[in-house]
Amino acid sequence: MTMNSSDLGLPSAPNNAAPPPSSNANRSTKKGLSLRLKTTLAAVAIGTLPVVVTGIAANLIAANMLDAQIELAKQEETVAMMDKVERFLFERYGDIQALSNLPILRNEKVKQVVSLKDRSQVLTNYAVTYEVYDNVAFIDLNGNNILVSQGAKLGNHKSADYFQSVLATGKRFISQPRVAPSTGKTVIYLAAPVRDSVTNKIIGVVRTQMPVRFLDALVKSYGENDRTYHLVDKAGKVFVTNDGTETLGMDAAEHLTPFPQLRQVRKAAPTESYEPLEKRYVVGGYAPFEATQGLPDLGWDGFILSDRNVAFAVNNRLAQIFAFGTLAAAIAVSAIAVLLVNRSLQPIEAATKTVQKLGAGDLDVRLAVKGSDELAMLGANINQMADQIQDLLENLKGTAEIKQLKEAIEQESHVLQSDVSHLLDAVAALESGDLTVQAPVSDRATGLVADTLNRLIEELARIMATVLSTAQQVTQGSTELEQLAAVTAQQAQQQAHSVNAVQASVVTFSDLSQQTAQQALASDQAVQQAQIAVTQGQEEMVKLTEEIKVLHSGTEQIVKRAQILTNFVTSAAQFAKDQKRVAALTRVLALNASMIAARASGQQDPDQFASVAREFETIATQVNDLAVQTNQGLLMLQQQAAQIQTVVSGINQDVQGISHSVNQFVGSVEQSQYVFELIKDVTDRVAQVGQQVTASSQAIAAEAQTTLRSIEEIATVAAKTEQQSSFTQEQAGLIDNMARTLLEKVSFFRISEEVQGAGSREQGAV
Numbered sequence: 001m002t003m004n005s006s007d008l009g010l011p012s013a014p015n016n017a018a019p020p021p022s023s024n025a026n027r028s029t030k031k032g033l034s035l036r037l038k039t040t041l042a043a044v045a046i047g048t049l050p051v052v053v054t055g056i057a058a059n060l061i062a063a064n065m066l067d068a069q070i071e072l073a074k075q076e077e078t079v080a081m082m083d084k085v086e087r088f089l090f091e092r093y094g095d096i097q098a099l100s101n102l103p104i105l106r107n108e109k110v111k112q113v114v115s116l117k118d119r120s121q122v123l124t125n126y127a128v129t130y131e132v133y134d135n136v137a138f139i140d141l142n143g144n145n146i147l148v149s150q151g152a153k154l155g156n157h158k159s160a161d162y163f164q165s166v167l168a169t170g171k172r173f174i175s176q177p178r179v180a181p182s183t184g185k186t187v188i189y190l191a192a193p194v195r196d197s198v199t200n201k202i203i204g205v206v207r208t209q210m211p212v213r214f215l216d217a218l219v220k221s222y223g224e225n226d227r228t229y230h231l232v233d234k235a236g237k238v239f240v241t242n243d244g245t246e247t248l249g250m251d252a253a254e255h256l257t258p259f260p261q262l263r264q265v266r267k268a269a270p271t272e273s274y275e276p277l278e279k280r281y282v283v284g285g286y287a288p289f290e291a292t293q294g295l296p297d298l299g300w301d302g303f304i305l306s307d308r309n310v311a312f313a314v315n316n317r318l319a320q321i322f323a324f325g326t327l328a329a330a331i332a333v334s335a336i337a338v339l340l341v342n343r344s345l346q347p348i349e350a351a352t353k354t355v356q357k358l359g360a361g362d363l364d365v366r367l368a369v370k371g372s373d374e375l376a377m378l379g380a381n382i383n384q385m386a387d388q389i390q391d392l393l394e395n396l397k398g399t400a401e402i403k404q405l406k407e408a409i410e411q412e413s414h415v416l417q418s419d420v421s422h423l424l425d426a427v428a429a430l431e432s433g434d435l436t437v438q439a440p441v442s443d444r445a446t447g448l449v450a451d452t453l454n455r456l457i458e459e460l461a462r463i464m465a466t467v468l469s470t471a472q473q474v475t476q477g478s479t480e481l482e483q484l485a486a487v488t489a490q491q492a493q494q495q496a497h498s499v500n501a502v503q504a505s506v507v508t509f510s511d512l513s514q515q516t517a518q519q520a521l522a523s524d525q526a527v528q529q530a531q532i533a534v535t536q537g538q539e540e541m542v543k544l545t546e547e548i549k550v551l552h553s554g555t556e557q558i559v560k561r562a563q564i565l566t567n568f569v570t571s572a573a574q575f576a577k578d579q580k581r582v583a584a585l586t587r588v589l590a591l592n593a594s595m596i597a598a599r600a601s602g603q604q605d606p607d608q609f610a611s612v613a614r615e616f617e618t619i620a621t622q623v624n625d626l627a628v629q630t631n632q633g634l635l636m637l638q639q640q641a642a643q644i645q646t647v648v649s650g651i652n653q654d655v656q657g658i659s660h661s662v663n664q665f666v667g668s669v670e671q672s673q674y675v676f677e678l679i680k681d682v683t684d685r686v687a688q689v690g691q692q693v694t695a696s697s698q699a700i701a702a703e704a705q706t707t708l709r710s711i712e713e714i715a716t717v718a719a720k721t722e723q724q725s726s727f728t729q730e731q732a733g734l735i736d737n738m739a740r741t742l743l744e745k746v747s748f749f750r751i752s753e754e755v756q757g758a759g760s761r762e763q764g765a766v
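Heads up, the sequence shown is in the UniProt record's numbering, so the first residue is 1 and it goes up one at a time.
Rendered as structure tokens:
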């Protein structure tokens with residue numbers, strides 16, 4: 001048997017041997033990010049990302065809501081502007097109708113008694129009174145001017161579109177904006193047919209000329225706060241704006257880029273575009289001209305625009321607030337994250353520094369351990385490692401002393417090399433397995449070695465005898481291991497019987513499941529009762545629906561009668577408007593009467609005075625006509641008032657009927673409440689049964705989990721037992737092979753029978 005230096009407790013390398021190369025030498029010289037920096041960046045990212053995402057999302061939601069509100073406000077503002085324009089034109093539309101009904105234009109008797117100059121003065125007074133017309137003219141069927149307000153110099157109107165349209169249709173007309181030849185200003189013409197008071201035939205056309213500057217003044221308030229308004233005619237030209245004179249008459253598509261698409265749809269909408277002239281982005285609203293109350297559709301469009309930066313200044317400010325708030329929150333979260341990281345990394349950094357000091361040779365350093373978490377366990381392991389390193393170094397010092405002693409022995413052994421050669425023969429015999437050999441003993445120093453070798457040979461012979469006996473016992477032990485494996489297999493069978501017992505427990509679970517099924521059946525019965533109660537509730541709901549229909553019918557009747565009231569209010573408003581027109585005509589007649597009275601005061605000729613009297617008679621006739629119209633309006637109001645009384649009486653009856661229906665409805669609601677209380681009781685019962693079923697199910701689940709854990713434990717034990725059995729069998733086989741090999745090797749030595757018997761006796765004593 002060969003023995004090496006490690007078997008003797010001696011080191012295998014000299015004391016001055018170089019230590020093994022450090023693993024740090026194989027590491028890359030590139031220095032990556034530190035753990036503190038990585039952890040800090042990760043914590044900051046985890047803390048700030050939700051804050052930033054939340055801030056951005058909140059900013060986007062708030063910005064979208066504000067954008068929608070601003071766009072809706074711009075749209076409603078534009079609709080209000082166009083509604084104001086429509087009401088203004090509707091009043092002018094009524095003015096031209098009132099002019100066409102003047103007796104001085106359509107009554108031949110009045111025209112005979114009132115001079116041409118006086119009739120022209122009436123038109124002048126009309127224009128001065130309303131203050132929105134440049135001139136008023138009465139035109140004959142050939143387009144010539146019969147009457148013109150003072151100061152107007154007009155040509156023939158036969159080719160004008162307003163003249164041709166009125167004669168062709170017999171209806172009122174409003175023109176598109178255009179430049180008037182007489183004034184050079186952009187104007188709008190309104191015209192209406194004048195019919196003879198007797199024959200009702202068209203005898204001429206009355207026409208007013210209104211400058212568009214009055215429309216500009218009308219919508220001027222919409223140009224405040226850096227806003228611009230635009231009115232576009234049917235041809236797509238801008239005719240009213242506060243966006244500079246160069247924009248007037250411009251094609252709207254060149255200045256307002258979304259105009260073509262909006263013109264096709266003609267619905268009020270918000271708009272956003274780029275203005276090439278001002279070189280800016282604008283937002284605002286668009287609204288078309290909508291004809292109402294008999295007013296013709298002029299095809300106009302309106303815009304109100306604002307600079308985008310000004311309109312969304314609040315949004316920008318809000319975005320800044322959100323940005324600053326998000327930034328502040330992110331900084332606060334980052335600071336907290338850095339603080340937490342610093343506190344968390346302090347134990348790790350302390351451990352790192354301790355390990356570095358240990359690596360540098362300072363084995364007395366230790367790490368302060370606090371708490372019982374993973375970091376505390378790491379510190380304890382580091383301290384334990386330092387203790388082990390110190391113990392190892394102390395052992396290495398002892399090994400170094402042994403090494404020095406060996407070197408001394410080796411230095412002395414070369415003196416005895418010559419004597420050792422004499423022992424080679426004996427050693428060779430020993431190597432051949434002959435334990436009966438004897439080394440020659442001489443009187444030299446090596447004689448002691450030879451004598452010792454002989455004693456060692458004898459001792460080795462006894463040891464080999466002991467080994468032989470031990471090998472026989474190992475063989476016997478392997479047989480016992482095989483028997484132990486058989487016993488382990490029997491234990492596995494017993495565990496199988498335990499599994500059968502667990503299956504019996506599963507049968508018990510099945511019985512519990514049947515009980516749960518019975519409880520579920522009871523729950524089903526309760527549900528059926530609940531369905532019956534629900535059916536009753538549905539019937540009550542049908543009754544409630546019928547009562548609601550009755551209420552709805554009564555409400556519709558009230559709404560219809562309220563509509564009649566609304567029509568009466570509309571008629572009253574129209575009557576007030578007619579009275580306004582009558583008042584205007586009365587002022588005109590009073591003015592004419594004052595002029596005639598002034599002229600009569602200077603007349604002395606009876607014939608002339610009679611003529612003036614006839615003129616007064618004519619004015620009186622006109623006043624009488626106005627009084628008749630007023631009386632007719634009052635009679636109509638009285639009739640409508642009587643209708644209103646009837647409607648109010650009907651509404652009272654409807655209210656009484658609705659009150660009765662409401663009482664019935666309340667009774668149905670009380671019945672429904674009773675049904676729903678019944679449903680609630682049944683539902684509570686179902687809930688109780690459901691709770692019982694749930695409790696049983698939970699008990700079954702808990703028992704099943706316990707059984708499952710038992711089965712898993714049995715399976716685990718069985719697997720371990722099987723592994724142990726396999727391992728025992730393998731070990732038994734290995735021991736048997738080792739014993740056989742040992743017997744074969746021991747049989748190599750030749751031992752005397754006496755020595756073999758002594759070895760057996762010693763083994764038996766052991």
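For every residue, glycine included, the Cβ atom is placed at its ideal position computed from N, Cα and C.
| Check | Outcome |
| --- | --- |
| Cβ shell of F289 (< 8 Å), same chain only, five flanking positions each side left out | M82, V85, E86, D297, L298, G299, W300, D301, G302 |
| Closest residue to V132 among R227, T183, V212 (Cα-Cα distance) | V212 |
| Simplified DSSP assignment, three categories, for R87 | helix |
| C-alpha gap between Q638 and R561, whole angstroms | 18 Å |
| Inter-stretch contact at 8 Å, needing at least 3 Cβ pairs: the stretch 359-370 / the stretch 384-400 | yes |
| P103, enclosing alpha helix (DSSP H) - first and last residue | 103-106 |
| Beta bridge counterpart(s) of residue 780 as assigned by DSSP | Since the displayed the chain opens at 1 and closes at 766, residue 780 lies outside it and no answer follows. |
| Separation of S197 from K111, as counted between CA atoms | 12 Å |
| Span separating the alpha-carbon of G94 from that of A192 | 10 Å |
| Delimiting residues of the beta strand (DSSP E) encompassing A368 | First-last for A368: undefined, no H or E at that position. |
| Identity of the residue in A235, I331, T241 nearest T228 by Cα | T241 |
| CB of V44 within 8 Å of CB of S306, strictly | no |
| Residue from I331, L190, E224 with nearest C-alpha to R172 | L190 |
| Cβ pair A368, T48 closer than 8 Å | no |
| Collapsed DSSP secondary structure at T183 in the structure displayed | coil |
| Beta-bridge partners of D251, as assigned by DSSP | K237 |
| Bridge partner(s) assigned by DSSP for F303 | H230, Y286 |
| Helix, strand or coil at Q340 [DSSP, three-state] | Residue identity differs from the one stated: residue 340 is Leu in this sequence, not Gln. L340: helix per DSSP, three-state reduction. |
| Residue closest to N225, alpha-carbon to alpha-carbon, out of K117, S159, K74 | K74 |
| D251 beta carbon less than 8 Å from that of H230 | no |
| Range of the contiguous alpha helix (DSSP H) that encloses L116 | 116-130 |
| Continuous alpha helix (DSSP H) stretch holding S165: start and end | 161-169 |
| Among N135, V219, A68, the one whose alpha carbon lies nearest that of Q151 | Looking at the sequence provided, one finds Gly at residue 151 rather than Gln. Answer by Cα proximity: N135. |
| Alpha carbon of L277 to alpha carbon of G223, nearest angstrom | 18 Å |
| First through last residue of the alpha helix (DSSP H) which encompasses L298 | Unbroken run through L298: none, as it is neither H nor E. |
| Any 3 or more C-beta pairs closer than 8 Å across the stretch 202-211 and the stretch 269-286 | no |
| CA-to-CA distance, Q629 to V623, given in whole angstroms | 10 Å |
| Test item: CB-CB of P181 and I188 under 8 Å | no |
| Alpha-carbon spacing of L72 relative to A328, whole angstroms | 33 Å |
| CB contact flag (Y281, L262, <8 Å) | no |
| For I56, the nearest candidate out of T436, Q320, R308 (CA to CA) | Q320 |
| Backbone CA spacing between D681 and Q691 [nearest angstrom] | 15 Å |
| Secondary structure of S5, DSSP reduced to three states | Reliability of the predicted coordinates at S5 is poor, the pLDDT of 37 falling under 50, and no value is obtained from them. |
| Limits of the beta strand (DSSP E) - the one that L141 falls within | Segment: none, L141 is in no beta strand (DSSP E) and carries neither H nor E. |
| First and last residue of the uninterrupted alpha helix (DSSP H) at P260 | 259-265 |
| One or two residues paired with S273 in a DSSP bridge | V282 |
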